[in-house]
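**Student:** Our numbering numbers the first residue of the sequence shown as 1146 and each following residue consecutively.
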Amino acid sequence: MIITKKKPNEEILESLSGAHTVFVAGCGSCALKCANSDEKSVALMKEFLEQNGKKVLQAFTVESACDMRLVKRDLLKNENFKNADAVLALSCGAGVQAIETVCAKEVIPALNSSYVGTTERIGVYKKFCSVCGSCVLALTGGICPKTRCAKGLVNGPCGGFVNGKCEIDADKDCAWVLIYEKLKKNGALDKFVNQYLKPA
Ligand code: SF4
Ligand code: SF4
């Protein structure tokens, strides 16, 4: 899912400086799971905006803000949405742009989109994929060197690892050691030894 982080309140307020009335649009998917668009976050945002002179016409959560069909279904006939000077979207950038595409309104992001994350548990996400468009996982034991190697090496290792840890960040396992161990376990070390991947 898309991992998001809330923008500072001051930045949001600055972005909304031209708007008096605001429609707060939450996202019921990734942003909600990151606790950036849940009931409490939406209520806190509404309260903050009202304390700073904005009139919040409505706070409404779209099932998935990145789905233009759901945005159209849920928002376009909503009078509060139509009447608001601006929409504040508690969603990733894809959600902001889905809303912007289906209406002619000013849409302001309340969140920063960080990365595509793998969920370990709520609040703990792993960056395992950089959405490169050319997946090599079939050759690397299901472990992404483009994302998980600090140097993004597709023909690793670099030789700097110590006790299986990365020379750039000793708190992290060297991705290429993980790849080696995995391929060895699967009897597929020939892939490790013989393959050459063209650097992206
Ligand atoms: S190679 Fe890595 S970054 Fe590219 S699609 Fe596969 S997992 Fe994602
Ligand atoms: S030690 Fe391993 S993970 Fe770190 S940069 Fe070198 S190959 Fe990549």
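We treat Cβ as the ideally placed atom computed from N, Cα and C, and that holds for glycine.
Out of curiosity, what's the CA-to-CA distance linking A1283 and P1290?
**Tutor:** If you take the alpha carbons of A1283 and P1290, they lie about 12 Å apart.
**Student:** So, helix, strand or coil for C1319, using DSSP?
**Tutor:** In the structure shown, C1319 sits in coil (DSSP, three-state: anything other than H, G, I, E or B).
**Student:** Measuring only from the beta carbon, is L1298 closer than 7 Å to any heavy atom that is part of ligand 2?
**Tutor:** Yes, Cβ of L1298 sits closer than 7 Å to a heavy atom of ligand 2.
**Student:** Three or more C-beta pairs under 8 Å: does that hold for the region 1232 to 1244 against the region 1261 to 1277?
**Tutor:** Segments in contact, no.
**Student:** In the DSSP assignment, find the alpha helix (DSSP H) that holds F1226 and state where it starts and stops.
**Tutor:** Unbroken alpha helix (DSSP H) run through F1226: E1224 to N1228.
**Student:** Answer yes or no: the CB of A1320 versus the heavy atoms of ligand 2, is any distance below 7 Å?
**Tutor:** Yes, since a heavy atom of ligand 2 falls inside the 7 Å radius drawn around the Cβ of A1320.
**Student:** Applying the criterion that 16 or more other CB atoms from any shown protein chain within 10 Å of the CB defines a buried residue, is I1244 buried or exposed?
**Tutor:** Buried, because 16 or more other Cβ atoms sit within 10 Å of the Cβ of I1244.
**Student:** Are A1295 and C1311 touching if we call contact CB-CB under 8 Å?
**Tutor:** Yes, the pair counts as a contact, with Cβ atoms nearer than the cut-off.
**Student:** Can you give the beta carbon distance from S1236 to C1211, rounded, assuming they're within the 8 Å contact cut?
**Tutor:** Sure, about 7 Å apart at Cβ, within 8 Å.
**Student:** Does the pairing of the region 1249 to 1261 with the region 1209 to 1225 give three or more beta-carbon distances under 8 Å?
**Tutor:** These segments do not touch.
**Student:** When DSSP labels each residue in this structure, what does A1204 get in the three-state scheme?
**Tutor:** In the structure shown, A1204 sits in a strand (DSSP, three-state: E or B).
**Student:** Please classify L1306: does DSSP put it in a helix, a strand, or coil?
**Tutor:** Note on residue identity: the sequence assigns Phe, not Leu, to residue 1306. Three-state result, F1306: coil.
**Student:** Taking 7 Å as the cut-off, is the C-beta of K1291 nearer than that to any heavy atom in ligand 1?
**Tutor:** Result yes, Cβ under 7 Å from ligand 1.
**Student:** Out of N1197, G1198, K1191 and K1336, which one is the CA nearest neighbour of F1205?
**Tutor:** The residue with the shortest Cα to Cα distance from F1205 is K1191.
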